[in-house]
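Start counting the sequence shown at 411; every next residue gets the next number (this note's numbering). For glycine and all other residues, C-beta sits at the position ideal for the given N, C-alpha and C.
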Amino acid sequence: MSKFYINGNRRLKGSVNISSAKNAVLPILVSTILTDSVSTINGSPMLEDVFVLCEVLRSLSAEVNIDRDNNKIDINTKNLKYEGIDNDLVRKMRASFLVIGAMVARFGKAKISLPGGCKIGSRPIDLHLKGLKALGATIKEEHGYVEVVAEQLEGNTVYLDFPSVGATENLMMAATLAKGDTFIENAAKEPEIVDLANFLNKMGAKIQGAGSGKICITGVKRLEGVSYTPIFDRIEAGTFIIAAPITKSKITIEGVDEEHLKSVIVKLREMGVKIDVFGNKIVVDGDVELKPTDIMTMPHPGFPTDMQSQMMTLLSITPGRSSVTETIFENRFMQVAELRRMGANINVNGRIATIEGVKELTGAEVVAPDLRAGAGLVLAGLCAKGETIVDHIYHIDRGYVTIEDKLNALGAEITRI
Ligand code: UD1
Numbered sequence: 411m412s413k414f415y416i417n418g419n420r421r422l423k424g425s426v427n428i429s430s431a432k433n434a435v436l437p438i439l440v441s442t443i444l445t446d447s448v449s450t451i452n453g454s455p456m457l458e459d460v461f462v463l464c465e466v467l468r469s470l471s472a473e474v475n476i477d478r479d480n481n482k483i484d485i486n487t488k489n490l491k492y493e494g495i496d497n498d499l500v501r502k503m504r505a506s507f508l509v510i511g512a513m514v515a516r517f518g519k520a521k522i523s524l525p526g527g528c529k530i531g532s533r534p535i536d537l538h539l540k541g542l543k544a545l546g547a548t549i550k551e552e553h554g555y556v557e558v559v560a561e562q563l564e565g566n567t568v569y570l571d572f573p574s575v576g577a578t579e580n581l582m583m584a585a586t587l588a589k590g591d592t593f594i595e596n597a598a599k600e601p602e603i604v605d606l607a608n609f610l611n612k613m614g615a616k617i618q619g620a621g622s623g624k625i626c627i628t629g630v631k632r633l634e635g636v637s638y639t640p641i642f643d644r645i646e647a648g649t650f651i652i653a654a655p656i657t658k659s660k661i662t663i664e665g666v667d668e669e670h671l672k673s674v675i676v677k678l679r680e681m682g683v684k685i686d687v688f689g690n691k692i693v694v695d696g697d698v699e700l701k702p703t704d705i706m707t708m709p710h711p712g713f714p715t716d717m718q719s720q721m722m723t724l725l726s727i728t729p730g731r732s733s734v735t736e737t738i739f740e741n742r743f744m745q746v747a748e749l750r751r752m753g754a755n756i757n758v759n760g761r762i763a764t765i766e767g768v769k770e771l772t773g774a775e776v777v778a779p780d781l782r783a784g785a786g787l788v789l790a791g792l793c794a795k796g797e798t799i800v801d802h803i804y805h806i807d808r809g810y811v812t813i814e815d816k817l818n819a820l821g822a823e824i825t826r827i
């Protein structure tokens, strides 16, 4: 199993380019199921999660051509078949559950493995199923599978009890080919939802209101394959932004949409970090006196749960008392035990972590418990005194394109072994 060896306590300088958003590309790939022609994703990040989803599409007989050199993926769904979906892959990656809405819209039925829980929380799918039921589907759950049947989905109003990103995406895709109008109320507002709506509209769908709490989808008869470039990865960008104050450095990050990262930028400015925005380029000066703060994760436009662990690393070396409240996932403090091994002073009480800033972190052997917690530990390694070894980095590879190369180009010293 690969590990990162990080020689910490080095200043960074220079500029880094942000890749396209994994969380935008995954639902976009799924939505190619809705057409029977060729779609092209330009600038796709070449990441393990993307490859897994391409395999899921291949198991449905899609022709998928991945051009790694040019970050391009062509998907031909002309000969797509209902049978054959690789349920081992579906179980492996939760995001593949998104295929259920698109499959029932295209084939009138779908049967796939129920996703398991995952380390960060139980992550139920009740809202996805509630929505499909409202669109007229019948749903049967047995023997670890869920079967959804609807000869023709019919538009309806769906109220989501929580603005779930996955449920909003699943329903938006299903409703594009439904008969009549669908309204998703209390919809998720994440930028990736807007990107998916833009992709679907380019295919010929009629979606209005994406990015607000109420999305209206007027069903159409047919969607066409298109060529599309997804948005920048706001979480990768946020991770690099935090790398600057963590290492007391000034760096430039290219490929950031300020609107998508407002909550993170505002918080960092409150802490004293200097951030200048020039279009899609951000210059972050982290060589400043940091002030403690309190953050609470919220659905967009609140502070993103996917940035929580990276922020916690920064708060660990910020003088004074800070707090982090996690409201989205019930078990997302798995980095805490690892950070403590590096000298951090963090106490967890339920969903609230209280952090007393320490003068410095010290290198230790730690394990990446999941994707974003792993990123937080890499950041910890960057500022720690001595050597940090981060194990189980396959988690980090799911969401960051060669993070060590990008950080090393900025002057970090990370070796993958
Ligand atoms: C997506 C992102 C993930 C991010 C999360 C929250 C992708 C591939 N993943 O995950 O990186 O951390 O949004 O921003 O885009 N819930 C229910 N019932 C449901 C669905 C969700 O109770 O049917 C709950 C979940 O358990 C969780 C909360 O809603 O507590 C948020 O989940 P959701 O927004 O659905 O996250 P994902 O789409 O899984």
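#1: Across which residues does DSSP place GLY424 in a beta bridge pair?
#2: In terms of residue numbering, what span does the beta strand (DSSP E) encompassing ASP536 cover?
#3: Check whether the Cβ of PRO534 sits closer than 7 Å to any heavy atom of the ligand UD1, and report yes or no.
#4: Work out the CA separation of ALA794 and MET752 for me, nearest whole Å.
#5: Do GLU748 and VAL776 have their beta-carbon atoms positioned less than 8 Å apart in this structure?
#6: Measuring CB atoms only, is the stretch 796-807 touching the stretch 634-651, in the sense that at least three cross pairs come out at less than 8 Å?
#7: Excluding the five sequence neighbours on either side, which residues of its own chain have a C-beta within less than 7 Å of the C-beta of ILE806, listed in chain order?
#8: According to DSSP, is VAL694 helix, strand or coil?
#9: Taking the C-alpha atoms as reference points, what is the distance between GLY554 and LYS521?
#10: Compute the minimum distance between the beta carbon of HIS805 and the heavy atoms of the ligand UD1, and state whether it is under 7 Å.
#11: Which whole-angstrom value describes the C-beta separation of PRO655 and LEU725, a residue pair presumed to lie in contact below a C-beta threshold of 8 Å?
#12: Taking Cβ positions, are VAL768 and ASN755 nearer each other than 8 Å?
#13: With DSSP collapsed to three states, give me the class of ALA754.
#14: Which complete beta strand (DSSP E) runs does the stretch 461-488 hold, if anything under 3 residues is left out?
#15: Buried or exposed for LYS432, please, with buried defined as at least 16 other CB atoms from any protein chain shown within 10 angstroms of its CB.
#16: Checking the sheet assignment: what are the DSSP bridge partners for ALA763?
#17: Is ARG516 helix, strand or coil by DSSP?
#18: Would THR487 pass as a contact of ILE443 if the rule is Cβ separation under 8 Å?
#19: With 16 as the cutoff for other CB atoms within 10 Å, does SER659 come out buried or exposed?
#20: Looking only at DSSP bridge pairs, what is THR772 linked to?
#21: Quick check on this structure: which residue in SER622, ALA615 and ASN489 has the alpha carbon closest to the alpha carbon of GLU602?
#22: Apply the 10 Å Cβ neighbour rule to PHE834 and answer buried if 16 or more other Cβ atoms are within range, or exposed otherwise.
#23: In the DSSP assignment, what are the bridge partners of TYR810?
#24: Please confirm whether THR445 and LYS482 have their CB atoms less than 8 Å apart.
#25: Distance, Cα to Cα, LEU545 vs GLY712?
#26: Roughly how many angstroms separate the alpha carbons of ASP479 and THR548, rounded to a whole number?
#27: What is the DSSP secondary structure of MET708, counted as helix, strand or coil?
#28: Taking 8 Å as the threshold (C-beta atoms), are GLU646 and TYR810 in contact?
#29: Assign GLN718 to one of two classes, buried (16 or more other C-beta atoms within 10 Å of its C-beta) or exposed (fewer than that).
#30: Output the boundary residues of the alpha helix (DSSP H) element that contains ASP605.
#31: When every heavy atom of the ligand UD1 is checked, does at least one fall within less than 7 Å of the C-beta of HIS802?
#32: Cβ of ARG504 versus every heavy atom of the ligand UD1: is any distance shorter than 7 Å?
#33: Bridge partners for SER637 per DSSP, in chain order?
#34: Determine the extent of the alpha helix (DSSP H) in which ASP686 is found, giving its start and end residues.
#35: Measure the C-alpha to C-alpha separation of LEU587 and ILE652 and round it to an integer number of angstroms.
#36: Compute the Euclidean distance between the alpha carbons of ASN608 and MET722, then round it to the nearest angstrom.
The short version:
#1: Looking at the DSSP output, GLY424 shares a beta bridge with ILE661.
#2: No beta strand (DSSP E) holds ASP536; the alpha helix (DSSP H) holding it covers 536-544.
#3: yes
#4: 8 Å
#5: yes
#6: no
#7: Excluding sequence neighbours, ILE806 sits near ALA778, LEU781, GLY784, ALA785, VAL788 and ILE813.
#8: strand
#9: Between GLY554 and LYS521, the C-alpha separation is close to 10 Å.
#10: No, Cβ of HIS805 sits at least 7 Å from all heavy atoms of the ligand UD1.
#11: 10 Å between Cβ atoms; not a contact.
#12: In this structure, the beta-carbon distance from VAL768 to ASN755 falls below 8 Å.
#13: coil
#14: 473-477 and 482-486
#15: buried
#16: VAL734 and VAL758
#17: In the structure shown, ARG516 sits in a helix (DSSP, three-state: H, G or I).
#18: yes
#19: Buried, by the Cβ-count rule.
#20: Partner(s): LYS795.
#21: SER622
#22: Summary: the structure shown does not reach residue 834, with the chain confined to residues 411 through 827, and so no result is reported for it.
#23: For TYR810, which the question treats as bridged, DSSP gives no partner whatsoever.
#24: Taking 8 Å as the Cβ cut-off, THR445 and LYS482 do not qualify as a contacting pair.
#25: 30 Å
#26: 44 Å
#27: Three-state result, MET708: coil.
#28: yes
#29: buried
#30: 601-613
#31: Checking the Cβ of HIS802 against the ligand UD1 gives no.
#32: ARG504 has its CB nearer than 7 Å to a heavy atom of the ligand UD1.
#33: THR450
#34: Taken as a continuous stretch (DSSP letters only), ASP686 belongs to no alpha helix (DSSP H), being part of the beta strand (DSSP E) at 684-688.
#35: 42 Å
#36: 33 Å
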